[in-house]
Every structure is written in C-alpha cells, then in structure tokens.
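Colleague: Before we start, here is the structure in question, set down as structure tokens.
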Amino acid sequence: LELGTMESGGPLENVLTGPIPSTLGLLSSLGKLSLRSNQLTGVIPTELCLLSQLQNFNLQKNQIRGTVPDCLGLSSDKA
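The numbering used here puts the first residue of the sequence shown at 246, with every later residue one more than the last.
Below, the structure is given as structure tokens:
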C-alpha cells in the first residue's frame, strides 16, 4: 500500500491515542477520514491541509483542542 493512494480511512473507534499524526498529510488521495470516538489529543496538524481530496473529516468524541485550520474549509456557516 502506497500512502499516496489510500482513498478512505476509518472507522477506528477506541483504538487510537495521542496526537493526530502529521504524516496523515502524506495521504494525498484521501477523500474521507473518520477518527471518531478515540482518545486523540492535541491540535489538528496543519499538514492535513495537504489533503486536497478530503471532503469528509470526522473527529467527534476525542480530546482535540484549539481551532480547525482554515485550510480545511470549515467556517462558522458550515459548522
């Protein structure tokens, strides 16, 4: 499996702990990513801005802090 060819990921519930890996930004073909219901902590890495195909990103029920990077396209009228 080449990192650049993966198109979707999840659900990985109650498996992941710690910060969101910045290396996820290498998955250039990723269109959907669900990291819901884990024990993820910290901030959303700006490297995820490299995911130009990303249309669906779910981080519900984690311990993320900070703001969503502007490059991920979330604005107050979409929230």
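Ideal Cβ positions, reconstructed from N, Cα and C, are used throughout, including at glycine.
Are the CB atoms of L261 and L296 nearer to each other than 8 angstroms?
Modeller: Mapped onto the sequence shown, residue 261 falls at position 16. Mapped onto the sequence shown, residue 296 falls at position 51. No.
Colleague: Using CA atoms only, rank isn't needed, just tell me which of N259, I265 and Q300 is closest to I309.
Modeller: Here residue 309 is taken as the residue at index 64 of the sequence shown, counted from 1. Residue I265 is the option with its Cα nearest to I309.
Colleague: Could you check where the beta strand (DSSP E) with K338 kicks off and where it finishes?
Modeller: Because the chain is modelled from 246 through 324, residue 338 falls outside the range shown and cannot be assessed.
Colleague: Under the assumption that L293 contacts L271 (Cβ atoms under 8 angstroms), give the Cβ distance between them as a whole number of angstroms.
Modeller: Here residue 293 corresponds to residue number 48 of the sequence shown, with the count starting at 1. Here residue 271 corresponds to residue number 26 of the sequence shown, with the count starting at 1. Actually they are not in contact, since the Cβ atoms of L293 and L271 sit about 10 angstroms apart, beyond 8 angstroms.
Colleague: Does DSSP put G287 in a helix, in a strand, or in coil?
Modeller: Counted from its first residue, the sequence shown places residue 287 at position 42. Looking at G287 - three-state DSSP - the assignment turns out to be strand.
Colleague: Out of curiosity, what's the CA-to-CA distance linking S279 and T268?
Modeller: Taking the sequence shown and counting its residues from 1, the one referred to as residue 279 is at position 34. Taking the sequence shown and counting its residues from 1, the one referred to as residue 268 is at position 23. Taking the straight line from one Cα to the other gives about 16 angstroms.
Colleague: Is DSSP giving S267 helix, strand or coil here?
Modeller: Position 22 of the sequence shown, counted from the start, is the residue given in the question as residue 267. Residue state, collapsed to three classes: helix.
Colleague: Beta-carbon within less than 8 angstroms of S282's beta-carbon, same chain only, minus the 5 sequence neighbours each way: which residues are those?
Modeller: Reading the sequence shown from its first residue, position 37 is the one you call residue 282. So the list reads P256, E258, N259, Q305, K306 and N307, once near-sequence residues are dropped.
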